[in-house]
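Engineer:
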Amino acid sequence: MSVHAPLLDRRNRPLRDLRISVMDRCNFRCTYCMPAATYGEDYAFLPPAARLSFDEIERVCRQAASLGVSKLRLTGGEPLLRPQLPDLIRRLRRIDGIDDIALTTNGVLLDRQSQALADAGLDRVTVSLDTLDPALFRQISGGHGDVDAVLRGIDAACAAGFRDGVKINAVLQRGLNDAGALELVERFRGSSVVLRFIEFMDVGNRTAWSVDSVVSSQELHARIHARWPLMALPPRHPGEVATRYRFVDGDGEIGLISSISTPFCGDCTRARLSSEGQLYTCLFATRGTDLRGLLRASADDAALRAVLAGVWSARNDRYSELRGRPASTPGRRIEMHYIGG
Numbered sequence: 001m002s003v004h005a006p007l008l009d010r011r012n013r014p015l016r017d018l019r020i021s022v023m024d025r026c027n028f029r030c031t032y033c034m035p036a037a038t039y040g041e042d043y044a045f046l047p048p049a050a051r052l053s054f055d056e057i058e059r060v061c062r063q064a065a066s067l068g069v070s071k072l073r074l075t076g077g078e079p080l081l082r083p084q085l086p087d088l089i090r091r092l093r094r095i096d097g098i099d100d101i102a103l104t105t106n107g108v109l110l111d112r113q114s115q116a117l118a119d120a121g122l123d124r125v126t127v128s129l130d131t132l133d134p135a136l137f138r139q140i141s142g143g144h145g146d147v148d149a150v151l152r153g154i155d156a157a158c159a160a161g162f163r164d165g166v167k168i169n170a171v172l173q174r175g176l177n178d179a180g181a182l183e184l185v186e187r188f189r190g191s192s193v194v195l196r197f198i199e200f201m202d203v204g205n206r207t208a209w210s211v212d213s214v215v216s217s218q219e220l221h222a223r224i225h226a227r228w229p230l231m232a233l234p235p236r237h238p239g240e241v242a243t244r245y246r247f248v249d250g251d252g253e254i255g256l257i258s259s260i261s262t263p264f265c266g267d268c269t270r271a272r273l274s275s276e277g278q279l280y281t282c283l284f285a286t287r288g289t290d291l292r293g294l295l296r297a298s299a300d301d302a303a304l305r306a307v308l309a310g311v312w313s314a315r316n317d318r319y320s321e322l323r324g325r326p327a328s329t330p331g332r333r334i335e336m337h338y339i340g341g
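So the sequence shown is numbered by the UniProt record's numbering: it starts at 1 and just counts up by one.
#1: Measuring alpha carbon to alpha carbon, tell me which of A232, R91, V193 ends up nearest G165.
#2: What does Y245 pair with, by DSSP beta-bridge criteria?
#3: For the segment 36-46 and the segment 150-170, state whether three or more C-beta atom pairs, one from each stretch, are separated by less than 8 Å.
#4: If you compare alpha carbons, which of A120, L129, R246 is closest to Q84?
#5: What residue range does the beta strand (DSSP E) around E78 cover?
#6: Given a cut-off of 7 Å on the beta-carbon distance, is the pair residue 361 and V60 in contact?
#7: With respect to the beta strand (DSSP E) encompassing S53, which residues constitute its N-terminal and C-terminal limits?
#8: Consult DSSP for R270 and reduce its assignment to one of helix, strand or coil.
#9: Out of curiosity, what's the CA-to-CA distance linking D148 and L184?
#10: Report yes or no: do the segment 283-296 and the segment 31-42 share at least 3 C-beta pairs separated by less than 8 Å?
#11: Near L136, what residues of its chain come up, given a Cβ to Cβ distance below 7 Å and the 5 sequence neighbours on each side ignored?
#12: Helix, strand or coil for A170 per DSSP?
#13: Could you give the residue range of the beta strand (DSSP E) that holds L283?
#14: Going by C-alpha distance, which of Q218, Q173, A309 is nearest Y245?
#15: What residue range does the beta strand (DSSP E) around I20 cover?
#16: For the segment 114-165, which segments carrying the beta strand (DSSP E) assignment without a break, of at least 3 residues, lie completely within its bounds, in sequence order?
#17: Relative to the C-alpha of Q278, which residue among I339, L8, V215 is closest?
#18: Touching or not, the segment 101-111 and the segment 73-93, by the rule of three or more beta carbon pairs under 8 Å?
#19: From the DSSP output, in three-state form, read off P6 for me.
#20: Of all the options T126, A306, R138, G175, which has the alpha carbon lying nearest to the alpha carbon of A64?
#21: Name, in chain order, the residues that DSSP records as bridge partners for L195.
#22: Within a Cβ cutoff of 6 Å, which residues of the same chain sit near S2, ignoring the five residues on either side of it in sequence?
#23: Excluding the five sequence neighbours on either side, which residues of its own chain have a C-beta within less than 6 Å of the C-beta of L18, listed in chain order?
#24: State the DSSP-derived secondary structure class of T262, mapped to helix, strand or coil.
#25: Anyone know if the C-beta pair for S261 and S298 falls short of 7 Å?
#26: For my contact list, R227 and L182 are in at a C-beta cut-off of 8 Å; report their separation, rounded to the angstrom.
#27: Relative to the C-alpha of V125, which residue among I95, L195, H144, E56 is closest?
#28: Looking at the strands, I want to know which residues DSSP matches up with D100.
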């Protein structure tokens with residue numbers, strides 16, 4: 001399938017990345033994402049038939065690749081709850097133009113699934129891990145998480161031989177887990193794992209977010225640099241969200257993602273597909289475009305491609321650049337568990 005001139009949105013940003021939520025469920029009940037008070041035992045998640053099938057996901061990805069997408073990321077909820085996920089990865093691996101397939105997970109199921117994912121062709125894994133303190137970890141995860149299980153999953157992922165390795169994403173909230181930042185750095189320094197800190201964002205409707213709870217990348221850099229001197233590294237590719245640093249002593253690298261203090265909307269090349277087929281053009285979107293209805297109405301590939309192209313061409317999102325301005329306040333946003341990070 002040939003790729004023509006880059007498809008650009010209204011701000012001249014190409015479509016390069018597609019993030020696919022394969023599962024709306026999660027096995028955690030994190031207080032800022034899926035609090036147990038709302039997502040209890042009686043909460044009605046999507047029935048399996050409502051989620052996009054692997055055939056449908058593959059069709060969307062093939063047409064997205066024809067429009068310039070080269071990177072796919074599988075998310076959730078918790079994507080490792082989706083049965084037979086390696087089968088989907090094998091199918092996506094065969095799509096012309098796709099050169100990078102990644103997965104974001106809470107890591108609890110990685111211990112038993114890492115090798116199958118690597119054998120299927122997954123390039124890299126990102127594990128969300130906000131603290132090493134067992135009690136605080138259970139508190140943040142709503143009583144459902146075990147930090148030792150996550151660490152075993154990380155070790156299994158490192159041993160599985162993913163082409164582009166393992167990353168950890170940590171979100172710090174001032175007064176909650178920011179005191180443990182250096183412990184996280186020390187734990188993964190000298191390993192093959194790249195630790196990245198993300199500024200706490202106002203995603204979804206449940207974060208109780210305020211700017212006072214944000215630990216800026218500048219502040220965090222100063223803390224880390226005082227203990228282990230850092231040297232800046234160049235980005236690996238245009239639009240890379242993390243600013244990279246290596247330890248001067250050679251013991252690896254870290255990344256800082258300054259989503260609040262230095263928004264990167266101007267370089268954003270990402271679209272997002274929910275587990276039941278809604279296409280979103282921003283993490284802070286309030287509405288999407290229904291692709292499931294199109295797929296199940298037997299629309300042909302040309303029609304699907306035209307919808308994808310039309311949605312991206314009309315895109316004008318830049319919420320993070322406008323955050324705090326009176327006109328920027330959105331309506332009810334999509335939830336993190338629904339669309340992934």
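By construction, the Cβ of each residue, glycine as well, lies at the ideal position given by its N, Cα and C atoms. In this text, all values refer to a predicted model and were calculated from it rather than measured experimentally.
Structural biologist: By the coordinates alone:
#1: On the sequence shown, position 165 is the one that residue 165 refers to. That would be V193, whose Cα lies nearest to the Cα of G165.
#2: Against the sequence shown, residue 245 aligns to sequence position 245. Note: Y245 sits in a beta bridge opposite A232, I254.
#3: no
#4: Within the sequence shown, the letter at position 84 stands for residue 84. Ranking the options by Cα distance to Q84, first place goes to A120.
#5: Looking up residue 78 in the sequence shown gives position 78. Careful: E78 lies outside any beta strand (DSSP E) and carries neither H nor E.
#6: Nothing can be reported for residue 361, as the shown portion of the chain is limited to 1 through 341.
#7: Stepping through the sequence shown from its first residue, residue 53 is reached at position 53. S53 -> no beta strand (DSSP E), and no H or E assigned at all.
#8: Stepping through the sequence shown from its first residue, residue 270 is reached at position 270. Looking at R270 - three-state DSSP - the assignment turns out to be strand.
#9: The sequence position of residue 148 within the sequence shown is 148, counting from 1. The sequence position of residue 184 within the sequence shown is 184, counting from 1. Using only the alpha carbons, I get a separation of about 14 Å.
#10: no
#11: Your numbering for residue 136 matches position 136 in the sequence shown. These residues qualify, in order along the chain: N177.
#12: Taking the first residue of the sequence shown as 1, we reach residue 170 at position 170. Correct three-state label for A170: strand.
#13: For the purposes of this step, residue 283 is taken as residue 283 along the sequence shown, with counting starting at 1. Run containing L283: none; DSSP gives neither H nor E here.
#14: By 1-based counting over the sequence shown, the position of residue 245 is 245. If we check each option's Cα against that of Y245, Q218 comes out closest.
#15: Locating residue 20 in the sequence shown gives position 20, counting from the first residue. First-last of the beta strand (DSSP E) with I20: 17-21.
#16: 124-128
#17: Within the sequence shown, residue 278 is the residue found at index 278, counting from 1. Ranking I339, L8, V215 by Cα distance to Q278 puts I339 first.
#18: yes
#19: What you label residue 6 is simply residue 6 of the sequence shown in a count that begins at 1. Reduced to three states, the DSSP call for P6 is coil.
#20: Along the sequence shown, read from residue 1 onward, the residue named residue 64 stands at position 64. A64 has its Cα closest to that of A306, out of T126, A306, R138, G175.
#21: The count along the sequence shown starts at 1 and reaches residue 195 at position 195. According to DSSP, which records beta bridges pairwise, L195 is partnered with I168, I254.
#22: Working through the sequence shown from its first residue, we reach residue 2 at position 2. Low confidence applies to S2: its pLDDT is 43, below 50, so where it sits in the model is not reliable, and the reading given next is rough at best. Closer than 6 Å at Cβ, skipping near neighbours: no residue.
#23: By 1-based counting over the sequence shown, the position of residue 18 is 18. Answer for L18: A64, V69, L72, A271, listed in chain order.
#24: For this step, residue 262 is matched to residue 262 along the sequence shown. In the structure shown, T262 sits in coil (DSSP, three-state: anything other than H, G, I, E or B).
#25: In the sequence shown, the residue the question calls residue 261 occupies position 261. In the sequence shown, the residue the question calls residue 298 occupies position 298. No, Cβ-Cβ distance for S261 and S298 is not below 7 Å.
#26: Walking along the sequence shown from the start, residue 227 turns up at place 227. Walking along the sequence shown from the start, residue 182 turns up at place 182. Sure, about 6 Å apart at Cβ, within 8 Å.
#27: As a working note, residue 125 is residue 125 in the sequence shown. Nearest C-alpha to V125: L195.
#28: The residue given as residue 100 occupies position 100 in the sequence shown. Looking at the DSSP assignment, D100 forms a beta bridge with K71.
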